[in-house]
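Same order as they appear, the protein sequences are chains U and X.
For the first sequence, the working numbering assigns the number 1 to the initial residue and increments by one for each residue that follows.
For the second sequence, the working numbering assigns the number 151 to the initial residue and increments by one for each residue that follows.
We put the beta carbon where it would ideally sit given N, CA and C, even for glycine.
The model shown is predicted, which means the values in this text are computed figures rather than measured ones.
Protein chains: 2
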Amino acid sequence: MMAAHKKETTMPTMPCACANLRRAARSITRLYNRELRPENIEVTQFTLLMALDRTGDISQGKLGRLVSLDSTTLTRMLKPLNKQGWIQEREGDDRRVRIIRLTTAGRAKLQHGLPLWKRAQTRIEDTLGEPSMKKLEVLLARVEAASESK
Amino acid sequence: MMAAHKKETTMPTMPCACANLRRAARSITRLYNRELRPENIEVTQFTLLMALDRTGDISQGKLGRLVSLDSTTLTRMLKPLNKQGWIQEREGDDRRVRIIRLTTAGRAKLQHGLPLWKRAQTRIEDTLGEPSMKKLEVLLARVEAASESK
DNA sequence: CCTCATTATGTGCATATACATATATCCAGA
DNA sequence: TCTGGATATATGTATATGCACATAATGAGG
């Protein structure tokens, strides 16, 4: 006969797309942070270093738009990076603007973190496989587009 | 001739799966929060109400495992819900445990929020379409599985 | 019944994140 | 040149999130 016992499954999928996305984001964030811990940097910060490495000098506002972060959020997120000496800020020609740049130390931190980042990244890639990986990327971009159009 | 001018595109996709996921999560979170604002509740809180509605009375720890949230995070996330009177906590038989339950007010808030939540949800569903929606769900679950296996 | 390993939750600390609002600039007209 | 609207960033406030660590309670052996 059936036991009147609720199995403790890991969990069911929710009907809410936002909940599912946030949940996956939390999970994967923990993974990347675990790997990056030895370098004493978190994935959110590492992501900013990556972005800055690609863009070169850039204003806070532009960077925010680029990574889809409220620019006032960036004001605070940049502080720890500054404290660590990974970035530097200077005034732009337009004196309202702050131009951000990766420092030598920042570039070094990025280099040192890369292998650790790669471990986490590879884990996801190996599990999903190239095609699924690409598909996910596309779907995420579509979600973002749908979310932002006014 | 070509202008030596960098177009200000909205942005390129990053090579980091974690960055892409977090970014999409931020975007979609803003969408759901915009819709839910009239009911004065945020999507993270709304998600917890939804979860509690499905599980019925449940311990903090189990709830955390269910939604993939560190149980100590839950300690704090539950506070605003309590303040609003949407949930209630009581001691379990095991006196270490806290049992959470949705109150009548909580259930009402859930009901009132549903149409607003649905607006955001529909927007995503309509943009992606049923098959992509399902695909995304599956991919997110796989990401989570990959992230959690030790 | 006592003790120790295990388990559930709370706290300290740090960061992430957004919105409303404030402040400093810039700039297009009058 | 003066002025009001637009733009870039900062601050106040609130919540989200996790880890290391602290505390309380349970339960298995001895």
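Do you know how far the Cα of E241/X is from the Cα of L278/X? 44 angstroms
I believe S27/U touches E298/X by the beta-carbon criterion, under 8 angstroms. Please report the beta-carbon distance rounded to the nearest angstrom. 6 angstroms
Below 8 angstroms between beta carbons: does that hold for L202/X and V193/X? no
Beta-carbon proximity list for N82/U, same chain, < 8 angstroms, skipping 5 on both sides: Q88 and E89
Tell me the rounded alpha-carbon separation between L213/X and S68/U. 30 angstroms
Identity of the residue in Q111/U, R142/U and S71/U nearest F46/U by Cα: Q111/U
Interface partners of T127/U on chain X, CB under 7 angstroms: R292 and A296
Is the Cβ-Cβ distance between E39/U and G85/U less than 8 angstroms? For the 8 angstroms CB-CB criterion, E39/U and G85/U do not form a contact.
Taking C-alpha atoms, which residue in I99/U, M50/U, M14/U and C18/U lies nearest to S71/U? I99/U
Who are the neighbours of V247/X on chain U, taking C-beta pairs under 8 angstroms? Under the 8 angstroms cutoff, chain U gives no residues; its nearest Cβ is about 14 angstroms from V247/X.
When the cut-off is 8 angstroms and only beta carbons count, does E189/X lie next to chain U? no
Using a cut-off of 7 angstroms between C-beta atoms, extract the partners of E287/X located in chain U. T13 and N20
The beta strand (DSSP E) that contains L160/U, what's its start and end? The requested residue 160/U is not part of the displayed model; chain U covers only 1 to 150.
Report yes or no: is there a C-beta of chain X within less than 8 angstroms of the C-beta of I100/U? no
To the nearest angstrom, how far is it from the Cα of A141/U to the Cα of K118/U? 22 angstroms
Kindly give me the distance between the Cβ atoms of C166/X and T29/U, rounded to whole angstroms, as I take these residues to be in contact under 8 angstroms. Wrong, their Cβ atoms sit about 11 angstroms apart, outside the cutoff.
Euclidean distance between Cα positions of N33/U and A146/U: 29 angstroms
Bridge partners - Q238/X, DSSP secondary structure assignment: Answer by DSSP bridge pairing, in chain order: R251/X.
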